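Using the working numbering, you'd call the opening residue of the sequence shown number 64 and step up by one each time. The C-beta atom is built at its ideal place from N, Cα and C for all residues, glycine as well. Bear in mind that the values here come from a model prediction, so they are computed numbers and not experimental data. Structure first, then comments.
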Amino acid sequence: MSEITSASTIVQTLNAGSGIDIKNLAQSLADAENAALKARINSKIEEKTLSISGYSIAYNSISELSDVMASMDDVRELRATSAVSSAPSAIGVETNGDDVVIGVYDITVQQLAQSQSNMSSSQSGSAAVLNAGAGFSITVSLGAASPVSHQVSVVTDTPQGVVDAINAADIGVSALLINTSSTGDDWRIVLDGPTGADNSYSVSSTVDLGFSSNALRSAADAIVTMNGITNITRETNSFTDLVPGVTLNLLEADTSQAISVRVEEDQAPMRAAVDGLIVAYNDFNLLLSELASSDSTLSEFSGSLSSDYSTVRMLRDRVRDAMLADSSTPGTSVSALRDIGVQLGVDGNLSLDEEIYNSVVATNFDDVVTMLSADTNDQNAFSLASKGFAADTVTALDELISDTGALKTRQSNAELSIVDYEERLANIELRLTAAYEGYLKQFAAMDTLVDQMQG
64 MSEITSASTI VQTLNAGSGI DIKNLAQSLA DAENAALKAR INSKIEEKTL
114 SISGYSIAYN SISELSDVMA SMDDVRELRA TSAVSSAPSA IGVETNGDDV
164 VIGVYDITVQ QLAQSQSNMS SSQSGSAAVL NAGAGFSITV SLGAASPVSH
214 QVSVVTDTPQ GVVDAINAAD IGVSALLINT SSTGDDWRIV LDGPTGADNS
264 YSVSSTVDLG FSSNALRSAA DAIVTMNGIT NITRETNSFT DLVPGVTLNL
314 LEADTSQAIS VRVEEDQAPM RAAVDGLIVA YNDFNLLLSE LASSDSTLSE
364 FSGSLSSDYS TVRMLRDRVR DAMLADSSTP GTSVSALRDI GVQLGVDGNL
414 SLDEEIYNSV VATNFDDVVT MLSADTNDQN AFSLASKGFA ADTVTALDEL
464 ISDTGALKTR QSNAELSIVD YEERLANIEL RLTAAYEGYL KQFAAMDTLV
514 DQMQG
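Printed below as a string of structure tokens:
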């Protein structure tokens, strides 16, 4: 403690009559008078500070567990499908949505979709003059049933100028300039339209470029047979609406070969979700034990909640009860995690009985999805409808970590306690100052008396 200026005048008037260091003696007695109380209050401040850290760590752990549960509350997160082609070089497959229909589809590719293509007459070079340096127009009529005419103005009357003008017009027909000769004197403009029989086109121009007499191929639809249904046609080789939820990419036509496309349930996401919740819960359980332990030295926060075991017990009970609760949307034979083999051990950790799990998902996969997700996607958190086990658990966990929840309340109370303890320390300092000055006056009087007696 610093020297007390109000007493300095007294001390300065003293001689060394008694031979005693009055200031140090007064300070020691004042400190001794308040030391025990200060130590107790400082210990409480340290305890509350550690508790705040413990509450924060527990908060983060519960938040992580809530996030894991939220990642499995939608059907799409649990129910995945895979599509496999028996001849991927002929038909490529990929899933494209949620409305997949499980099954086997036998498909024969009778014809690939193709675009109409035309080639111009030969020109001597890419900069060959086509119209004596004057611009001209090209008319492209696109569509077989109801053709739409597009007029393209060619400003630069060269093969390259024609290609640039057609491509810039963006009319659905593209142009490409190709040198077909190794000597570089046979240049052709190649036109290409959209695939599909209804996307044929005709070309005319004020300068005859030879497109009409140089047809390379005709526009055609893709044609397949599926499960005995013949002559299924599309404009492109990508069928997005034939097999529900699956895109078929036709790559090769072969009328002699029926290709099997198998659409199956993929149970891997479900298993990953269940494994994830078990790991997250066990991590929480281990962390809570560490926070409550007064003996562990595993981390600087070990034992930070050892003085508040009632909160530790409350958190453990609430989270455990949420994990063991029945779903608000039980399936016919699956109501809770226990029904799919998730078990609580004597150590408080969860584990998975592989045999039970595999049997249940093999025979009652739909029930498991219903139990976990209520067969919904993107649920509204404020909806009163039943949401399934995952969302039920999220609600229970979020109550603990909300701004008005148990953890935030206890953290706030600990912070208020620290403020109160610090005020008490400040009051002790005032008392200590008063005690010091009191002792100093007494010893000064005694020292004066001794000095007088010795004189």
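Distance check for Ala355 and Tyr372, CA to CA, integer angstroms please. 6 Å
For Gly411, which three-state DSSP category applies? coil
Do Leu413 and Val423 have their C-beta atoms within less than 8 Å of each other? no
Going by beta carbon distance, what residues of the same chain come within less than 6 Å of Ala146, once the five residues before and after it are set aside? Val156, Thr158, Val309, Val326
Taking 7 Å as the cut-off, is the C-beta of Ala146 nearer than that to any heavy atom in the ligand PLP? Absent from the structure shown: the ligand PLP. Ligands present: none.
Bridge-paired residues (DSSP) for Tyr118: DSSP output for Tyr118 lists no bridge partner at all.
Near Gln330, what residues of its chain come up, given a Cβ to Cβ distance below 6 Å and the 5 sequence neighbours on each side ignored? Val424
At which residues does the beta strand (DSSP E) containing Gly224 begin and terminate? Careful: Gly224 lies outside any beta strand (DSSP E), inside the alpha helix (DSSP H) at 222-232.
Limits of the beta strand (DSSP E) - the one that Leu562 falls within: It is not possible to answer for residue 562, since the shown part of the chain is limited to 64 through 518.
Going by the beta-carbon positions, is the gap between Ile201 and Val226 smaller than 8 Å? no
Between which two residues does the alpha helix (DSSP H) containing Ser267 stretch? Note, Ser267: premise wrong, no alpha helix (DSSP H); beta strand (DSSP E) at 264-268.
Opposing strand residues paired with Thr296 [DSSP bridges]: Ile286
Beta-carbon proximity of Thr144 to Val163, cut-off 8 Å: yes
Buried/exposed call for Ala285, threshold 16 Cβ in 10 Å: buried
Below 8 Å between beta carbons: does that hold for Leu350 and Val375? no
Rank Lys471, Ile115, Thr458, Gln214 by C-alpha distance to the C-alpha of Ser367 and give the top, closest one. Ile115
In whole angstroms, what separates the C-alpha of Ser324 from that of Thr293? Checking the displayed sequence, the identity of residue 324 turns out to be Val instead of Ser. For Val324 and Thr293, the distance between alpha carbons rounds to 17 Å.
Distance check for Leu488 and Ala102, CA to CA, integer angstroms please. 10 Å
Considering only their Cβ atoms, is the gap separating Ile170 from Val337 smaller than 8 Å? no
Between Ala176 and Arg297, which are expected to be in contact by the criterion C-beta below 8 Å, what is the C-beta distance as a whole number of angstroms? 7 Å
Length of the line joining the Cα atoms of Thr392 and Asn476: 38 Å
Asp338 - DSSP class collapsed to helix/strand/coil: helix
Contact set for Thr243: own chain, Cβ-Cβ below 6 Å, skip 5 residues either direction: Asp249, Arg251
For Ile419, the residue or residues it bridges with in DSSP: Paired residues: none, contrary to the question.
Looking at C-beta atoms only, is the number of pairs between the region 431-441 and the region 380-392 that lie closer than 8 Å three or more? yes
Can you tell me whether Glu315 is helix, strand or coil according to DSSP? coil
Any contact between the region 174-190 and the region 256-267? By contact I mean 3 or more CB pairs, one from each, below 8 Å. yes
Taking the continuous beta strand (DSSP E) assigned at Phe59, which residues delimit it? Because residue 59 is not part of the residues shown, which for the chain are 64 to 518, the question remains open.
For the alpha helix (DSSP H) that contains Ser212, what are its first and last residues? Premise fails: Ser212 lies in the beta strand (DSSP E), 211-217, not in any alpha helix (DSSP H).
Straight-line gap, Leu479 to Ser119 (C-alpha atoms, nearest Å): 16 Å
Checking 8 Å against the spacing of the C-beta atoms, do Thr203 and Asp220 come in under that value? Reading off the sequence shown, one finds Val at residue 203, where the question assumed Thr. Not closer than 8 Å, so no.
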